[in-house]
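There are 2 protein chains.
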Amino acid sequence: MKKKAEERREQILRAAFQAVSDKGYETVTLQDIADYAGVSKGVTNYYFENKEDVFLSLLEWVTDRIYQQEYKAVSKQTTAIEKLEAYLYSVFINPEKNKKFYKVYLDFMAQASRNPQYRQINLKFYENCWKIGRDIVSLGQKEGTFSPDIHVDTASKMIRSIIDGCLIQWLMRDEDHLHEFYKNTCYEVILKYLK
Amino acid sequence: MKKKAEERREQILRAAFQAVSDKGYETVTLQDIADYAGVSKGVTNYYFENKEDVFLSLLEWVTDRIYQQEYKAVSKQTTAIEKLEAYLYSVFINPEKNKKFYKVYLDFMAQASRNPQYRQINLKFYENCWKIGRDIVSLGQKEGTFSPDIHVDTASKMIRSIIDGCLIQWLMRDEDHLHEFYKNTCYEVILKYLK
DNA sequence: AAAATTATTCTGTCCGGTCAAAATATTTTT
DNA sequence: AAAAATATTTTGACCGGACAGAATAATTTT
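For the record, the sequence lines run as chains A and B.
Just so we're aligned, residue 1 is where the first sequence starts under UniProt numbering, counting upward by one.
Just so we're aligned, residue 1 is where the second sequence starts under UniProt numbering, counting upward by one.
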């Protein structure tokens, strides 16, 4: 029972994710989401309060998935450098997925700039990312790989700023082959900053 | 004749800028823009082809103004460090203006991720910004202030990525007092990267 | 058959773009 | 320089279309 309902919700969120990525946050209608999910309009209204509820759930779902991926990738490694590399490989996963996510993410940030509910969810995502950054930086300091002068909290914020800045610029330039370039230079900038 | 028309267009763009900043790209109606400009609805359609034409013009107008400011600030200085500082002071102008611009800019980037027309205008903005970055970096190398190993084109792209990444993160955190923090750390990261 | 779930239809609201008429400005004529 | 004629600008009512959410109907599950 509960299982079924949870699957249904996820099916709808997955569909909403694709729909928003294709058409944009404001353009997508409940009908679109239903169409993408291959269900009728009533279903969406049954599993979610209203349109906003779908979108809030979507942002939470999608940022959480990204964070889980990043966390998993970093956990597998042992040294700070390995972890940092794994983090970046997980973030810069590939052009298709990055495009899909950042299109939607930009939409949501635009919303978040005016709507505290979205901002709240994004802040949770930030805090998760910062945590990953902090762990890497403080491990690196313990190892002696990174400079002890770096302020751990500050660095974790900068790491995420650089990542997002690079991926947004990459997305705006709309050339898949530049993905490698931004991944590598992003890594270099961060590394140089931490050393 | 022409003068009057140009003024009218700017009046409408200025109003549209404020309206979009307040309400968001998709929410703003032609009526809103007219209201903000203190004119009737028909006027907007008289001076612009349609709604999209207003928005395309707005993005071009607003990014151009920003670039002009940055360029002017940098031009006044002579050494690479001074220019870099001036650039960052011009970018991180103050919380109010940054908020107003980045709210609108995020909206447009979300659009640009799916619409090549917006992307084109943004690319022009990027190229202007990169040019500023390149000039600063190559001057710094000539002076011996910055490392000669840095690739100038690459650096100019990174500078803008870091700036946008920082300001977006700052906007999402919605705490004016963090503006100083992001300005300073943004500067430090860039400087450490260039040295 | 009662309850839960899914499909379809309806309704009120809102918006972009049009347009004819009014208002205003400019030019020409007397 | 006043009046008339013409051009430009402004206004807001209106239309067609789209959509969210509600209501209702149909179907499936228990």
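Cβ atoms here follow ideal geometry from the backbone N, Cα and C, with glycine treated the same way.
Here the structure is a predicted model, which means the values were calculated and not measured.
Q) Who are the near neighbours of A:W130 in its chain, counting only those whose CB is closer than 7 Å to its CB and skipping five residues on each side? A) S156, K157, R160
Q: Please check the pair A:Q117 and A:L58, which I expect to be a contact at CB under 8 Å, by giving their CB distance rounded to whole angstroms.
A: With 8 Å as the limit, A:Q117 and A:L58 do not qualify as a contact, their Cβ atoms being about 12 Å apart.
Q. Hey, does A:K157 have any beta-carbon neighbour from chain B nearer than 8 Å?
A. yes
Q.
So for A:T154, helix, strand or coil by DSSP?
A. helix
Q) For a contact meaning CB atoms closer than 8 Å, what does A:V62 contact in chain B? A) Simply none; closest approach about 15 Å.
Q.
Is B:L171 close to chain A? Criterion is C-beta to C-beta, closer than 8 Å.
A. yes
Q) Taking 8 Å as the CB-CB limit, is A:N94 close to chain B? A) no
Q: Return the CA-CA distance between B:D164 and A:G165, expressed in angstroms with no decimal places.
A: 6 Å
Q.
Does A:F48 come out as helix, strand or coil in the three-state DSSP assignment?
A. coil
Q: Name the two residues that bound the continuous alpha helix (DSSP H) containing B:Q77.
A: No alpha helix (DSSP H) holds B:Q77; DSSP gives it neither H nor E.
Q. Helix or strand or just coil, what does DSSP make of A:N128?
A. helix
(Q) Is there a C-beta anywhere in chain B that falls below 8 Å from the one on A:T79? (A) no
**Q.** Cβ-Cβ distance between A:R134 and A:D153 below 8 Å
**A.** yes
Q: Using alpha carbons as the reference points, say which of A:R114, A:E60, A:F92, A:L191 lies closest to A:F125.
A: A:E60
Q. Given A:S138, which residues of its chain have a CB within under 6 Å of its CB, disregarding the five upstream and five downstream residues?
A. V152
Q | A:Y46, buried or exposed, once every other Cβ within 10 Å from all chains shown has been counted against 16 | A | exposed
Q. If you count every other CB in all the chains shown that lies within 10 Å of the CB of A:H177, and 16 or more means buried, which is it?
A. exposed
Q: Grab the span of the alpha helix (DSSP H) containing B:Y102 for me, first residue to last.
A: 95 to 112
Q: For A:H179, name the three-state secondary structure that DSSP assigns.
A: helix
Q | chain A residues whose Cβ lies nearer than 7 Å to that of B:S161 | A | I162, G165, C166, Q169
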